[in-house]
Each structure stands twice: as C-alpha cells, then as structure tokens.
Amino acid sequence: MIEAASVLAAENNNPLLPHPFELVVGIFSFLVVLIVVGRILVPRLQQTLEERTQAIEGGLERAEQAQKEAQQVLDQYKAQQKAAAVEASNERRKAEEQGAQIIAQAKEQAQVEARRIVENAKAQIEAERQQALQSLRAEIGTLSVELAGRVVGESLEDSARQSRVVDRFLEELEERARTQEQITS
Amino acid sequence: MNALTVLASGGDKFEAPGTELFDFPPLFPGGPAWLTKPVFFAVFGALVVCVVFWMAFAKPKLVPRGMQNVGEVGYMFVRDQIARPFLGKNTEQWMPLLLTLFFMVWIWNIFSVVPIIQFPIASHIAFPAVLAIFVYCVKVYLGFKHQGPVKYFTNMIPKGLPLPVYFLLVPIEYLSTFIIAPFTHAVRLFANMFAGHMILAFFSLVGFWFLFEKPTAAGFGIGLVGVVVTILLTAFELLIQFLQAFLFAMLAAMYIQSGLHADH
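Same order as they appear, the protein sequences are chains A and B.
In short: position in the first sequence from 1, add 122, done, that's our numbering.
In short: position in the second sequence from 1, add 213, done, that's our numbering.
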C-alpha cells in the first residue's frame, strides 16, 4: 500500500503532497531525537546548569559569610580593646586615688609626729626652765644678799640668818604673787 | 549527482531543472521503494543531532570543556533567543522540544549544501509537516488542558468589539489558529528549502552545462556567471537555512505559549 501510494505520488509529482513513508520516517527520526536529546540529554545539561548557578551563588554566599565572620571578629576585638582601655583607665584612677590617700596619710602622720616632737620639746624646755629657775632662785638669793651686804657694809656672816632673810623675802614675794593671782581670779 | 542524471537524459538543448529534482528512485537498485535518498538522510540527520549532543551533554561538567562548550552555545541560543521571549518562566520545561526542533530542522536544511548529500530534507513536505503537526497537537492539547475546552475557544476572541465585527472576526480567528497556522508553519519551511534547492540546482546546472557539457565560446560567459552565482547563492542559502530553522522553532514556541495562556 505504501508502495502504491509512493508510486502515485511520484506519478502526480506534486511536491505539496507528502509521501506517506516519509511521514513515518519523519516522525520516527523526530521522536528519536526528541527522546535522546530532549528526554535524556537536556535534563542532564539543565541539572548541570542549575548546579553551576548554585556553585556560583554558593561561592558568593560563602564569601559573604566569611566577610561577616571577619567583621564579627573585628567588632569583638574592638569591643575587647575598648573594655581593656576602660579597665586600664579605671585602674589608673584607682591607683591615683590610692596614691593620694597614701600621701594624705603620710602627711597626717608627719603632722602628728611633728606635733608630738614640738610638744616634747616644749615640755623639755619647760622642765629646763623650771630647773633654771630653781637654780637661779638659789643663786639670786646668794648674790642679792652679798650685794645687799656690800651695799649696807655690814657683814652678815651668819648664814642661817642669811637664808632665813632670803626665804622670808622670797615667801613675801610669793605671797604677793598669790594675792595678786587671787585678786585677778 | 542529480544534475548529472538530468543532463544524461537532457539531449542537446539546455533544459532548466524542474520538480523532477525532488523525485528519487530507491537508494540502491532492487531496494525497497520507500528507502530513498531523502529518507536515508532524514534518519542520518537525526543521528547526527543525537551524536553531537551526546558528545556534548552525555556527562556535562560544571566547568565545560570541548564539545560541551559548543553544545551549551547552541542550548543558550535556543533558550535565550527562541524560547524565553515567548515562554518566560516555562522556558526550561519546553527546552527539550524546542532544542530538538531547531537542530533537527537546521541539520536537515544544512544538508542542502553538504557535498554528496546536497539535498534539503525539508524540501519534502512530509518532514516539516510531521514537525508542524506535532507542534499543533501540543498547542491544542495545552489549550484544552490549561484554559479549558470552552475557555480555550473563547479566550481567542478579543472582547468588547461591536457585534457585527464578530461575524467577521470569529471565523477568521478560528481559521487562522486551527487551519492556516499549522499549514503555514510547515509550508514556510518547505517552500523556502524547495525554492532554494531549485535555484541552486538551476545555476549549478547552467555552469556545468555551458562550461563542461557543451562548452562554446558564446556560452562561456553564461557558464561563468552560473558558477559565481551558485557560490554566492550557497552562502545566501546558509543564511536562509539557519533563519528558517530559527523561525520554525520560534513559531513553535509561540504556538506553545498560545496554548498555555490566552493571548487576549
């Protein structure tokens, strides 16, 4: 039948009429290519293209991730540095405060010591003065009696009398001073 | 080859080649009548496409090498220039069909200028017809599936026109979509290849006849013109072959799109 049709087509020689066997061969070869190229090969390529896209995008993503991490580390480092700086300044301030405290304490101690020394000195001076006064009192007595004896021209040999006169004189003096104190108080 | 047989029976007068250029006896004497040169090379072309793409994409690598590069150029061309402008996000899904159509038609067309073969397979209308009918079936199937058996037909008609216009527009629209479109789809390719082959055969025969078969002083110039024009037209045919394959696949993409979504 195919043969008959082809003979007919050849006889008619009409290029617009398809030869039936060529239709069969045409659909056959088309389907072969559609299956081999379309069904088998194109999906493989599409998968590869997809993978390629993902590989590129994945690479970009990884780079971004790395950058982010680096930024994070940098931030952390900066924060640490900042904290360290704050701590250092705190330490410094504390040290300064401590130093000032120590100085103040030392000053106070020195003052106390100085006052103590001064007081000691004063007390010593007072004691020495008292001693000097004591010895002076005795000496002034002798000297004044001798002087008085010379002035009066009269020899007052009797020492007992002398001391009695002097004591009396001094007592009188003290008496005078006491009455004066009593009056003033 | 064909020209020689024509010449052998031509006699003394120059006769322009006619449609007998497209009639072939069985490939070998006594062979089956259906196994002719176009049939043989139609299958051969299909094998070439399969082998080339097998070499390119059998084991595709992330970093392409050699044939894969060539194959990818072809794939990208079909995807970006033919499929994507019409199909948009459905492109990947229809690439198997469109890639097959484009390279199948192109290799069949290229046979027109390949020595020894020298016959465009698509100049036998059965081959483009098969492809066009297949695309037509896909188009109508998609229309029914994606738009619904009624909606598919109503979507085609633009709305909001005055009533009388529809008496004219509806028949034209249906005629063009369901009868004329597949017909022109196939005939455009067929006719281009048919005419191209005829013209090439004519000028090469002019050259052959006047320079070798019946060389005369007067005919020498004509023969030379025939040879030069044959060379120029061969270059032109190369362009036409590519262009027709491109157009065939592009129209297929357009028809598929018209099935997937309503135009109006």
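By construction, the Cβ of each residue, glycine as well, lies at the ideal position given by its N, Cα and C atoms.
At a cut-off of 8 Å between C-beta atoms, E173 of chain A counts as an interface residue with respect to chain B.
When the alpha-carbon of E228 of chain B is set against those of B:G420, B:V363, B:V343 and B:L402, the nearest one is in B:G420. Residue contact check for G148 of chain A against chain B: a CB pair falls below 8 Å.
At a beta-carbon threshold of 8 Å, the residues of chain B lying near A177 of chain A are L275, ordered along the chain. Among the residues facing chain B, E183 of chain A is not included, as its CB has no counterpart in that chain under 8 Å away.
Runs of the alpha helix (DSSP H) lying entirely within the segment 360 to 430 of chain B, each at least 4 residues long, are 364 to 368, 376 to 388 and 394 to 421 in chain order.
C-alpha of T304 of chain B to C-alpha of M467 of chain B: approximately 12 Å in a straight line.
Considering only beta carbons, no part of the segment 180 to 209 of chain A lies closer than 9 Å to chain B. For I178 of chain A, the three-state secondary structure derived from DSSP is helix.
A distance of 8 Å or more separates the beta carbons of T313 of chain B and V146 of chain A.
T249 of chain B carries a coil assignment under DSSP once its states are collapsed to helix, strand and coil. At the C-beta level, F324 of chain B and I334 of chain B come within 8 Å of one another. By a beta-carbon distance limit of 8 Å, L473 of chain B does not contact H398 of chain B. Their separation comes to about 17 Å.
Here N136 of chain A carries a coil assignment [DSSP, helix/strand/coil]. Listed by position along chain A, the residues whose Cβ is nearer than 7 Å to that of V256 of chain B are V147 and S151.
Interface flag for R161 of chain A against chain B is set, since a Cβ pair is found closer than 8 Å.
Ranked by Cα distance from I329 of chain B, the options B:W422, B:Q454, B:G301 and B:F253 are led by B:F253.
Within a 10 Å sphere around the beta-carbon of Y199 of chain A sit fewer than 16 other beta-carbons, which makes this residue exposed.
For H337 of chain B, the nearest beta carbon of chain A is closer than 8 Å to its own beta carbon. DSSP places R238 of chain A within a helical segment (H, G or I) once states are collapsed to three. Counting the other Cβ atoms within 10 Å of the Cβ of G221 of chain A gives fewer than 16, which makes it exposed. Contact between F455 of chain B and G439 of chain B is absent: CB atoms are separated by about 25 Å, not below the 8 Å threshold. At a Cβ-Cβ threshold of 8 Å, N282 of chain B and Q457 of chain B do not count as neighbours. Residue state for S257 of chain A is assigned as helix, using DSSP reduced to three classes. Ranked by how close their Cα comes to the Cα of Q470 of chain B, the residues B:L402, B:V261, B:F403 and B:K352 have B:K352 in first place. Between V158 of chain A and P309 of chain B, the gap from beta carbon to beta carbon reaches 8 Å or more. Taken through DSSP and simplified to helix, strand or coil, V164 of chain A comes out as helix. For E213 of chain A, the nearest beta carbon of chain B is not closer than 8 Å to its own beta carbon. A check of alpha carbon separations from I149 of chain A across B:C263, B:F340, B:L248 and B:A462 identifies B:F340 as the nearest. Rounded to whole angstroms, the Cβ separation of T447 of chain B and V326 of chain B is 5 Å, and the two are in contact under 8 Å.
Following the DSSP letters along the chain, one finds N322 of chain B inside the alpha helix (DSSP H) bounded by residues T304 to I323. For Y387 of chain B, there are no C-beta contacts with chain A under 9 Å, since the nearest C-beta of that chain is about 23 Å from it. Across the structure, F380 of chain B and G434 of chain B are spaced so that their CA atoms are roughly 59 Å apart. Rounded to whole angstroms, the Cβ separation of I370 of chain B and V378 of chain B is 10 Å, and the two are not in contact under 8 Å.
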